[in-house]
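Asks: Below is a structure I'd like to ask you about.
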Amino acid sequence: MLSLKKIKVLLNINLLLIATTSVSTEAAITITELQPIKYPSTVKNQSKSTVVLVNWKGNLGNATNATLLDNDYYEGKYLVSSDSNLPITIEFFQLGNESKVNLKTLRVRYKNKTYKSFPTIALDNPGLDGEIIAIGAKVVAGKNATAGDKNPQYVLRIEEQQ
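Residue numbers -27 to -1, 1 to 135, in mature numbering (1 follows the signal peptide of the UniProt record, and there is no 0), belong to the letters of the sequence shown in order.
Shown next as structure tokens:
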């Protein structure tokens, strides 16, 4: 038979475990940038838009119509992991931070499938070990865009669905 003192101690331990369990149910996605998408330096076209496509494989696409000044380009790569098994949503969009320069034909490669419309919902969770996400996009500088260094920015947002 347990004394009243021992029962109180056991109750306190159980409450502590319940509190610990409820804290550990918080789920989190971790995104680690391995490399951002990088475009080569080019000569701006004078009479038409300048287009450079770097696909999710890190290759130049056929839409590229500019003279390259270097071969320094690659796809974006991100390691995504999760401490839950909830499905995820991926969003990928441009910020539009450069006048007359836009990112188009946005692509995300995740778990051997390529996605081209966003948000993409109900995707398999990457798990604790994580998965690599590769991205590619076409950058289009309109014919009236000014010459110079351009750094179009984008958002890659990954969330767990509740």
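By construction, the Cβ of each residue, glycine as well, lies at the ideal position given by its N, Cα and C atoms. As the structure is a computational prediction, the values presented were derived from the model and not from experiment.
Looking at C-alpha atoms only, which residue of T40, L59 and T23 is the closest neighbour of N98?
Replies: Here residue 98 refers to the residue found at position 125 when the sequence shown is read from its first residue. For the residues T40, L59 and T23, the minimum Cα distance to N98 belongs to L59.
Asks: Counting Cβ pairs closer than 8 Å, one from the region 5 to 17 and one from the region 37 to 53, do we hit at least three?
Replies: yes
Asks: Distance, Cα to Cα, A110 vs K21?
Replies: Here residue 110 refers to the residue found at position 137 when the sequence shown is read from its first residue. Here residue 21 refers to the residue found at position 48 when the sequence shown is read from its first residue. Those two C-alpha atoms are separated by around 19 Å.
Asks: For R130, is the classification buried or exposed, using 16 other Cβ atoms within 10 angstroms of its Cβ as the cut-off for buried?
Replies: On the sequence shown, residue 130 is found 157 positions in, with the first residue counted as 1. R130 is exposed by the Cβ-count criterion.
Asks: To which residues of the same chain is T15 closer than 7 Å at the C-beta, ignoring the five residues directly before and after it?
Replies: What you label residue 15 is simply residue 42 of the sequence shown in a count that begins at 1. Excluding sequence neighbours, T15 sits near T23, V25, A39, T40, L41 and L42.
Asks: Is it true that the CB of P125 sits closer than 9 Å to the CB of Q67?
Replies: Stepping through the sequence shown from its first residue, residue 67 is reached at position 94. Stepping through the sequence shown from its first residue, residue 125 is reached at position 152. Going by C-beta atoms, Q67 is nearer than 9 Å to P125.
Asks: Distance, Cα to Cα, E(-1) vs K84?
Replies: Within the sequence shown, the letter at position 27 stands for residue -1. Within the sequence shown, the letter at position 111 stands for residue 84. The question names Glu, but residue -1 in the sequence shown is Ala. The straight-line gap from Cα to Cα measures roughly 21 Å.
Asks: What's the C-alpha gap between residue 144 and V74?
Replies: The requested residue 144 does not occur in the structure, where the chain is confined to residues -27 to 135.
Asks: Looking at the unbroken beta strand (DSSP E) that takes in Q67, where does it start and where does it end?
Replies: The sequence position of residue 67 within the sequence shown is 94, counting from 1. First-last of the beta strand (DSSP E) with Q67: I61 to Q67.
Asks: Pull up the distance between the alpha-carbon of W29 and that of F91, whole angstroms please.
Replies: The count along the sequence shown starts at 1 and reaches residue 29 at position 56. The count along the sequence shown starts at 1 and reaches residue 91 at position 118. W29 and F91: Cα-Cα distance of roughly 16 Å.
Asks: Is it the case that the CB of Q8 approaches a heavy atom of the ligand ADP more closely than 8 Å?
Replies: Looking for the ligand ADP in the displayed structure turns up nothing, as the structure carries no ligands at all.
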